[in-house]
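I have placed the structure first, in the form of structure tokens, so that the comments after it can refer back to it.
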Amino acid sequence: NAGVTQTPKFQVLKTGQSMTLQCAQDMNHEYMSWYRQDPGMGLRLIHYSVGAGITDQGEVPNGYNVSRSTTEDFPLRLLSAAPSQTSVYFCASSYSGTERNSPLHFGNGTRLTVT
Amino acid sequence: AQSVAQPEDQVNVAEGNPLTVKCTYSVSGNPYLFWYVQYPNRGLQFLLKYITGDNLVKGSYGFEAEFNKSQTSFHLKKPSALVSDSALYFCAVRALLGLTFGKGTHLIIQP
Chain A
25 NAGVTQTPKF
35 QVLKTGQSMT
45 LQCAQDMNHE
55 YMSWYRQDPG
65 MGLRLIHYSV
75 GAGITDQGEV
85 PNGYNVSRST
95 TEDFPLRLLS
105 AAPSQTSVYF
115 CASSYSGTER
125 NSPLHFGNGT
135 RLTVT
Chain B
18 AQSVAQPEDQ
28 VNVAEGNPLT
38 VKCTYSVSGN
48 PYLFWYVQYP
58 NRGLQFLLKY
68 ITGDNLVKGS
78 YGFEAEFNKS
88 QTSFHLKKPS
98 ALVSDSALYF
108 CAVRALLGLT
118 FGKGTHLIIQ
128 P
């Protein structure tokens, strides 16, 4: 039971570099999402997807792109990294995107530092 | 728009004593409320949820939460704290977009 798998666990980027944070789930969940966690701010939703081929913006989408070509994978792309994107990033999935009683299952996070 | 407030950054409790971690919410319509726990360098783990029905909800690791509609609160409780309960706790409300989280409360259980 892998659940939600995120890679890498740690990453250091220079300003202006690009990278992709990987997220995969093996629970056949419809809904997948990306959050960032910053001290004293809780978790904020970046992008989400309610199924393959469907993505939408969350609360803080600027500077990030996503795609959902398969049910299992939901990569997060940083196009041109900025120090303000230094954060811990969590991928989360749930059985349904429309049923609000579905709890989210979280990966263990990617700690990103942009210098 | 929905919101969640956790008024305490940190709660200190002696081992064996009861604990309460406070949460209030603001949402239009029926609330779908959740509690999550985060241990160091780990993702969030689901503890319990309130959807409808009994105001006292039981969850994992002996935790429970009390839903109070008139006070728009959803406080997390445990009758007897363990040192291993020390962690960061998040209250959240579910909307169609996803979860809206509070800022988190550090729970410290002292031996």
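As given, the protein sequences belong to chains A and B, one line each in that order.
Sequence positions in the first sequence follow my numbering and run 25 to 139.
Sequence positions in the second sequence follow my numbering and run 18 to 128.
Think of the CB as a built atom: it goes at the ideal place given N, C-alpha and C, for glycine as much as any other residue.
Give the single residue among the options whose Cα lies nearest to the Cα of residue i.
{"i": "A/GLY66", "options": "B/GLN88, B/THR69, B/PRO24, B/GLU83", "result": "B/PRO24"}
{"i": "A/GLU54", "options": "A/LEU69, A/SER117, A/LYS38", "result": "A/SER117"}
{"i": "A/TYR72", "options": "A/ARG92, A/PHE34, A/GLY87, A/LEU103", "result": "A/ARG92"}
{"i": "A/GLY40", "options": "A/MET56, A/GLU83, A/GLN81, A/SER108", "result": "A/SER108"}
{"i": "B/PHE63", "options": "B/ALA18, B/TYR106, B/ILE126", "result": "B/TYR106"}
{"i": "A/VAL84", "options": "A/ILE78, A/ARG68, A/ASP97", "result": "A/ARG68"}
{"i": "B/ASN47", "options": "B/LYS86, B/VAL74, B/LYS75, B/ARG59", "result": "B/LYS86"}
{"i": "B/VAL100", "options": "B/TYR78, B/GLN127, B/ASN34", "result": "B/GLN127"}
{"i": "A/GLY31", "options": "A/CYS115, A/GLU123, A/ASP50", "result": "First, the residue type needs correcting, since residue 31 of chain A is Thr and not Gly in the sequence shown. Checked all of A/CYS115, A/GLU123, A/ASP50; the closest Cα to A/THR31 is A/CYS115."}
{"i": "B/ASN34", "options": "B/LEU114, B/SER77, B/ALA98", "result": "B/ALA98"}
{"i": "B/GLY60", "options": "A/ILE70, A/ILE78, A/ARG60", "result": "A/ARG60"}
{"i": "A/ALA48", "options": "A/LEU100, A/GLU123, A/PRO127", "result": "A/LEU100"}
{"i": "A/ASP80", "options": "B/LEU114, B/TRP52, B/VAL74", "result": "B/LEU114"}
{"i": "A/SER126", "options": "B/PHE51, B/SER77, B/VAL21, B/HIS92", "result": "B/PHE51"}
{"i": "B/TYR67", "options": "A/LEU136, A/ASN132, A/ARG124", "result": "A/ARG124"}
Write down the C-beta distance between residue i and residue j rounded to the nearest angstrom, noting that I regard them as a contact closer than 8 Å.
{"i": "B/LEU116", "j": "B/SER103", "result": "Actually they do not touch by this definition, with Cβ atoms about 23 Å apart."}
{"i": "A/LEU37", "j": "A/VAL138", "result": "5 Å"}
{"i": "B/ALA82", "j": "B/LYS94", "result": "7 Å"}
Look at the alpha carbon of residue i and the alpha carbon of residue j, and state the distance between them as a whole number of angstroms.
{"i": "A/GLY121", "j": "A/ALA76", "result": "12 Å"}
{"i": "B/GLU32", "j": "B/PHE84", "result": "25 Å"}
{"i": "B/GLN88", "j": "A/PHE130", "result": "30 Å"}
{"i": "B/ALA109", "j": "B/GLN55", "result": "13 Å"}
{"i": "B/SER43", "j": "A/ASP97", "result": "33 Å"}
{"i": "B/PRO57", "j": "A/ASP62", "result": "14 Å"}
{"i": "B/GLY70", "j": "B/TYR49", "result": "12 Å"}
{"i": "B/THR41", "j": "B/VAL28", "result": "16 Å"}
{"i": "B/LYS75", "j": "B/SER90", "result": "16 Å"}
{"i": "A/VAL74", "j": "A/LEU128", "result": "13 Å"}
{"i": "A/MET51", "j": "B/ASP26", "result": "34 Å"}
{"i": "A/GLN46", "j": "B/LEU65", "result": "28 Å"}
Check this for me: beta carbons of residue i and residue j, under 8 Å apart or not?
{"i": "A/TRP58", "j": "A/VAL90", "result": "yes"}
{"i": "A/LYS33", "j": "A/THR134", "result": "yes"}
{"i": "B/THR122", "j": "B/VAL38", "result": "yes"}
{"i": "A/ALA105", "j": "A/MET43", "result": "yes"}
{"i": "A/TYR119", "j": "A/LEU102", "result": "no"}
{"i": "B/ALA18", "j": "B/GLY119", "result": "no"}
Could you check if residue i belongs to the surroundings of the ligand ZN, using beta carbon to heavy atom distance under 7 Å?
{"i": "A/THR122", "result": "The ligand ZN is not part of the structure shown, which contains no ligands of any sort."}
Item to check | chain A contacts from the segment 45 to 68 of chain B (Cβ-Cβ distance under 7 Å) | outcome: Listed by position along the chain: TYR49, PHE51, ARG59, GLY60, LEU61, PHE63, LYS66, ILE68.
Checklist entry - Mind listing which residues of the segment 62 to 90 of chain A have their C-beta closer than 7 Å to chain B's C-betas, in chain order? => result GLY64, MET65, GLY66, LEU67, LEU69, TYR72, GLY82
Next on the checklist: Taking beta-carbon pairs under 9 Å, can you tell me which members of the segment 74 to 95 of chain B lie near chain A?
Outcome noted: none
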